[in-house]
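Residue numbering for the sequence shown follows the working numbering, beginning at 71 and increasing consecutively.
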Amino acid sequence: MNDSKQQNASELIERVVAINRVSKTVKGGKRFRFSVLVVVGDGESKVGLGMGKAREISEAVRKGMESAKKAMVEMKHHGKTIPHPIVGRYGSTEVLLRPAYDGTGVIAGGVVRAIMELGGVKDVMTKVVARSNNPINVARATFSAIGAMRTRDEIFSLRGKKNPEVAEAKSNG
(Lines of atoms letter the chains of each structure in order from A and count residues from 1; the text may use other names and numbers.)
(Lines give C-alpha, C1' and ligand atoms only; values in the text may rest on other atoms or scores of the structure.)
Protein backbone atom coordinates (compact mmCIF):
# COMPACT_ATOMS: atom_id res chain seq x y z
CA MET A 1 0.00 0.00 0.00
CA ASN A 2 2.85 2.36 0.81
CA ASP A 3 4.51 1.62 -2.55
CA SER A 4 1.38 2.59 -4.47
CA LYS A 5 1.23 5.93 -2.63
CA GLN A 6 4.86 6.62 -3.54
CA GLN A 7 4.22 5.62 -7.15
CA ASN A 8 1.19 7.94 -7.33
CA ALA A 9 3.19 10.77 -5.79
CA SER A 10 5.92 10.40 -8.43
CA GLU A 11 3.35 10.60 -11.25
CA LEU A 12 2.03 13.95 -10.05
CA ILE A 13 2.98 17.09 -11.94
CA GLU A 14 3.54 20.20 -9.86
CA ARG A 15 3.51 23.82 -10.92
CA VAL A 16 4.40 26.88 -8.86
CA VAL A 17 1.90 29.56 -9.85
CA ALA A 18 2.80 32.39 -7.47
CA ILE A 19 5.73 33.37 -5.26
CA ASN A 20 5.33 36.25 -2.83
CA ARG A 21 8.07 37.73 -0.66
CA VAL A 22 6.73 39.04 2.63
CA SER A 23 8.66 40.90 5.30
CA LYS A 24 8.35 41.38 9.01
CA THR A 25 9.97 44.45 10.51
CA VAL A 26 11.73 43.75 13.80
CA LYS A 27 14.09 45.72 16.00
CA GLY A 28 17.17 44.72 13.98
CA GLY A 29 15.63 45.29 10.52
CA LYS A 30 13.44 43.30 8.16
CA ARG A 31 13.00 39.53 8.13
CA PHE A 32 12.02 38.12 4.76
CA ARG A 33 9.95 34.98 4.17
CA PHE A 34 8.39 33.48 1.07
CA SER A 35 4.82 32.43 0.43
CA VAL A 36 4.30 30.03 -2.50
CA LEU A 37 1.10 28.89 -4.24
CA VAL A 38 1.46 25.42 -5.79
CA VAL A 39 -0.88 23.39 -8.02
CA VAL A 40 -0.38 19.62 -8.39
CA GLY A 41 -2.24 17.23 -10.66
CA ASP A 42 -2.00 13.91 -12.44
CA GLY A 43 -2.89 15.37 -15.86
CA GLU A 44 -6.05 13.26 -16.02
CA SER A 45 -8.64 14.18 -13.40
CA LYS A 46 -7.11 14.90 -10.00
CA VAL A 47 -5.86 18.34 -9.04
CA GLY A 48 -4.90 20.02 -5.77
CA LEU A 49 -3.97 23.48 -4.48
CA GLY A 50 -1.56 24.24 -1.65
CA MET A 51 0.22 27.10 0.09
CA GLY A 52 3.69 26.90 1.59
CA LYS A 53 5.49 29.48 3.70
CA ALA A 54 9.15 29.40 4.73
CA ARG A 55 12.37 31.40 4.86
CA GLU A 56 13.63 29.83 1.65
CA ILE A 57 11.76 29.31 -1.61
CA SER A 58 12.67 25.62 -1.94
CA GLU A 59 11.31 24.83 1.52
CA ALA A 60 8.14 26.84 0.81
CA VAL A 61 7.61 24.93 -2.46
CA ARG A 62 8.04 21.59 -0.66
CA LYS A 63 5.48 22.60 1.99
CA GLY A 64 3.10 23.83 -0.71
CA MET A 65 3.37 20.52 -2.59
CA GLU A 66 2.61 18.54 0.56
CA SER A 67 -0.40 20.76 1.24
CA ALA A 68 -1.64 20.44 -2.35
CA LYS A 69 -1.34 16.63 -2.32
CA LYS A 70 -3.49 16.49 0.81
CA ALA A 71 -6.15 18.74 -0.76
CA MET A 72 -6.59 16.96 -4.11
CA VAL A 73 -10.07 16.86 -5.65
CA GLU A 74 -11.59 14.94 -8.57
CA MET A 75 -12.31 17.06 -11.64
CA LYS A 76 -15.39 16.19 -13.72
CA HIS A 77 -14.88 15.74 -17.48
CA HIS A 78 -17.05 15.38 -20.56
CA GLY A 79 -14.59 14.10 -23.12
CA LYS A 80 -11.74 16.62 -23.23
CA THR A 81 -13.77 19.51 -21.81
CA ILE A 82 -15.90 20.30 -18.77
CA PRO A 83 -19.53 19.11 -18.59
CA HIS A 84 -21.27 22.50 -18.44
CA PRO A 85 -20.65 26.25 -17.98
CA ILE A 86 -20.12 27.27 -14.36
CA VAL A 87 -19.15 30.27 -12.25
CA GLY A 88 -16.87 29.92 -9.23
CA ARG A 89 -16.70 32.63 -6.59
CA TYR A 90 -14.28 33.40 -3.80
CA GLY A 91 -14.26 36.80 -2.16
CA SER A 92 -14.64 39.44 -4.86
CA THR A 93 -13.26 37.13 -7.55
CA GLU A 94 -15.42 35.29 -10.08
CA VAL A 95 -14.11 32.71 -12.53
CA LEU A 96 -16.25 31.72 -15.52
CA LEU A 97 -15.55 28.27 -16.99
CA ARG A 98 -17.17 27.30 -20.31
CA PRO A 99 -16.92 24.07 -22.30
CA ALA A 100 -15.24 24.35 -25.70
CA TYR A 101 -15.20 22.35 -28.93
CA ASP A 102 -12.43 19.85 -29.70
CA GLY A 103 -9.24 21.58 -30.81
CA THR A 104 -9.96 24.87 -29.04
CA GLY A 105 -7.31 24.35 -26.38
CA VAL A 106 -7.13 25.87 -22.92
CA ILE A 107 -8.00 29.55 -23.20
CA ALA A 108 -7.14 30.80 -19.74
CA GLY A 109 -4.78 33.06 -17.83
CA GLY A 110 -1.92 31.95 -15.57
CA VAL A 111 -3.42 30.34 -12.48
CA VAL A 112 -6.59 29.00 -14.12
CA ARG A 113 -4.55 27.59 -17.04
CA ALA A 114 -2.29 25.65 -14.66
CA ILE A 115 -5.28 24.19 -12.81
CA MET A 116 -7.10 23.19 -16.01
CA GLU A 117 -4.03 21.62 -17.65
CA LEU A 118 -3.02 19.66 -14.54
CA GLY A 119 -6.65 18.56 -14.11
CA GLY A 120 -6.62 16.98 -17.58
CA VAL A 121 -8.94 19.43 -19.36
CA LYS A 122 -7.83 19.97 -22.96
CA ASP A 123 -10.56 22.29 -24.31
CA VAL A 124 -12.04 25.05 -22.14
CA MET A 125 -12.67 28.79 -22.26
CA THR A 126 -12.30 30.79 -19.05
CA LYS A 127 -12.64 34.36 -17.90
CA VAL A 128 -11.54 35.84 -14.58
CA VAL A 129 -13.83 38.65 -13.44
CA ALA A 130 -12.08 40.12 -10.44
CA ARG A 131 -12.04 43.34 -8.52
CA SER A 132 -8.79 42.03 -7.06
CA ASN A 133 -6.55 40.01 -9.37
CA ASN A 134 -4.95 38.12 -6.49
CA PRO A 135 -3.72 34.69 -7.70
CA ILE A 136 -4.76 33.01 -4.44
CA ASN A 137 -8.36 34.23 -4.78
CA VAL A 138 -8.42 33.27 -8.48
CA ALA A 139 -7.22 29.74 -7.63
CA ARG A 140 -9.77 29.33 -4.83
CA ALA A 141 -12.59 30.60 -7.06
CA THR A 142 -11.55 28.07 -9.71
CA PHE A 143 -11.62 25.27 -7.14
CA SER A 144 -15.04 26.50 -6.02
CA ALA A 145 -16.27 26.01 -9.60
CA ILE A 146 -14.61 22.58 -9.85
CA GLY A 147 -16.35 21.48 -6.66
CA ALA A 148 -19.76 22.55 -7.98
CA MET A 149 -19.41 20.76 -11.34
CA ARG A 150 -21.68 17.80 -12.09
CA THR A 151 -21.36 15.17 -14.79
CA ARG A 152 -24.20 14.60 -17.24
CA ASP A 153 -25.08 11.33 -15.49
CA GLU A 154 -25.35 13.13 -12.13
CA ILE A 155 -27.58 15.83 -13.62
CA PHE A 156 -29.87 13.27 -15.26
CA SER A 157 -30.19 11.28 -12.04
CA LEU A 158 -30.97 14.45 -10.04
CA ARG A 159 -33.75 15.25 -12.53
CA GLY A 160 -35.13 11.72 -12.38
CA LYS A 161 -34.23 10.79 -15.95
CA LYS A 162 -33.49 7.13 -16.56
CA ASN A 163 -31.53 6.88 -19.80
CA PRO A 164 -28.96 9.61 -20.44
CA GLU A 165 -27.65 7.90 -23.61
CA VAL A 166 -31.02 8.41 -25.33
CA ALA A 167 -31.07 12.08 -24.39
CA GLU A 168 -27.51 12.52 -25.73
CA ALA A 169 -28.44 10.78 -29.00
CA LYS A 170 -31.42 13.13 -29.45
CA SER A 171 -29.30 16.24 -28.83
CA ASN A 172 -26.61 15.04 -31.28
CA GLY A 173 -28.93 13.84 -34.00
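Where is the CB? At the ideal position from N, CA and C, for every residue including glycine.
- Cα atoms of Ile156 and Thr95: separation of roughly 43 Å, rounded to the nearest angstrom.
- Straight-line spacing of the CA atoms in Lys231 and Ser93 works out to 57 Å.
- Residue pairing by DSSP leaves Asn203 without any beta bridge partner.
- Straight across, the Cα-Cα distance linking Arg220 with Val109 is about 22 Å.
- For Arg125, no beta strand (DSSP E) run applies, since DSSP gives it neither H nor E.
- Its Cα nearest to that of Met195, the residue Ile185 stands out among Asn203, Arg201, Ile185.
- In the DSSP assignment, Leu107 falls within the unbroken beta strand (DSSP E) covering 99-111.
- Under the DSSP definition of a beta bridge, Met195 partners with Arg168, Ile177.
- Taking C-alpha positions only, Leu228 is separated from Ala211 by approximately 25 Å.
- Distances from the CA of Pro153 to each of Val191, Arg201, Leu107 were compared; the closest alpha carbon is that of Val191.
- When the beta-carbon positions are compared, Gly111 and Ile83 come within less than 9 Å of each other.
- With a 10 Å radius around the Cβ and a threshold of 16 neighbouring Cβ atoms, Ser137 comes out buried.
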